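Following: one structure in structure tokens, then a few remarks.
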Amino acid sequence: MSTEKLLGIYSKLYTTFGPQYWWPGNSSFEIMVGAILTQNTNWANVEKAILNLKSEKLLDARKLDKLSVSRLAELIKPAGCFNVKAKRLKDFLNFFLKEYNGNIGKMRKIDLNILRRQLLEVNGIGPETADSILLYALGKKIFVVDAYTKRIFSRHGIINQKDSYQQVQETFMRLDSSSGKSTCKTIDRWVKLFNEYHALIVRLAKEFCLKSKPRCEICPLKGM
DNA sequence: GACCAGGCACATC
DNA sequence: GATGTGCATGGT
1271 MSTEKLLGIY SKLYTTFGPQ YWWPGNSSFE IMVGAILTQN TNWANVEKAI LNLKSEKLLD
1331 ARKLDKLSVS RLAELIKPAG CFNVKAKRLK DFLNFFLKEY NGNIGKMRKI DLNILRRQLL
1391 EVNGIGPETA DSILLYALGK KIFVVDAYTK RIFSRHGIIN QKDSYQQVQE TFMRLDSSSG
1451 KSTCKTIDRW VKLFNEYHAL IVRLAKEFCL KSKPRCEICP LKGM
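Each residue of the first sequence is one higher than the one before, starting from 1271 at the first, in our numbering.
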């Protein structure tokens, strides 16, 4: 079925591009901030915004919490939609400090589904941002779906174009149901696979699937 | 100058 | 529930 095809595509991407070392960032907190800043935004612009926070030594939950929204917006300007994102960051910080006292370790101990629901309740955090935080900042076993994933895998007939976020996610997460056991070791393996898979999809899309100039003829997945 | 980028919330039908 | 729109910078 599609599980073999999904694993086939994964290994093709991995042998083509190698490990992607996602998520770029030196700490879980930086990853969470980046996940919000990158919404509908090129990563290079997010990096500039994060650099602004770093150079002011403000990449810290409590310090950011003390900033005014307008000052925060000023600092994250390069990431675009800065007024919206400044508010979203503030709402997230409020949640992070109130619920977890700004403690990543405490957050990591919470059950995946509970944490996911909590994140989705925060204004400005939708499914993709929540799952990026869960997978890349907290090491939870969840697959991140984005617009590229839908575009590429519906073209390959593995999902339907109209599938919801959840449906696409389930298709990918069914990959691990065959493994049966859920020891720490196998969980780590799936976290690693979901981590690389999403990153590889983004890499592939950027190089071969751009809307205006698709390069299907030389795509590594050609013929698969 | 148009189009796009590692989305989301909200309004409207 | 499906579709459209605002948010907004910076690279191609």
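Glycine is no exception: its CB is placed at the ideal position from the N, C-alpha and C atoms. Quantities reported herein were computed from a predicted structural model and do not represent experimental measurements.
In this structure methionine 1302 is buried. Its beta-carbon is surrounded by 16 or more other beta-carbon atoms within 10 angstroms. Not a single unbroken stretch of the beta strand (DSSP E) spanning 3 or more residues falls wholly within the stretch 1280-1363. Counting C-beta atoms within 10 angstroms of its own C-beta, arginine 1341 has fewer than 16 neighbours from the protein chains shown and is therefore classed as exposed. Our two residues, tyrosine 1467 and aspartate 1401, have alpha carbons roughly 14 angstroms apart in a direct line.
Pairing phenylalanine 1366 with glycine 1493, the inter-Cα distance amounts to about 46 angstroms. The beta carbon of isoleucine 1429 lies closer than 6 angstroms to those of Phe1423, Val1438 and Thr1441 in the same chain, with the five residues before and after it left out. In this structure, DSSP gives isoleucine 1380 a state outside helix and strand, which the three-state scheme calls coil.
Sorting Leu1389, Ser1482, Ile1320 and Val1354 by C-alpha distance to the C-alpha of glutamate 1369 places Leu1389 at the top.
In this structure, the beta-carbon distance from leucine 1307 to alanine 1343 does not fall below 9 angstroms.
For threonine 1453, no alpha helix (DSSP H) encloses it, and the DSSP letter there is neither H nor E. Arginine 1421: member of the alpha helix (DSSP H) spanning 1417-1425, first to last residue. Membership of methionine 1443 in the alpha helix (DSSP H) is indicated by the continuous run 1435-1443.
In the three-state scheme derived from DSSP, where H, G and I count as helix and E and B as strand, arginine 1485 is classed as coil. If you check the CB distance, arginine 1473 and glutamine 1309 do not come in under 9 angstroms.
Around the CB of leucine 1382, fewer than 16 other CB atoms lie within 10 Å, so the residue is classed as exposed. Nearest to leucine 1323 by alpha-carbon distance, out of Leu1334, Arg1459 and Leu1404, is Leu1334.
By the Cβ-count criterion, arginine 1485 is exposed, with fewer than 16 other Cβ atoms from all chains shown falling within 10 Å of its own Cβ. Shortest Cα-Cα distance from threonine 1273 to any of Val1354, Ile1471, Val1392 and Ser1447 involves Ser1447.
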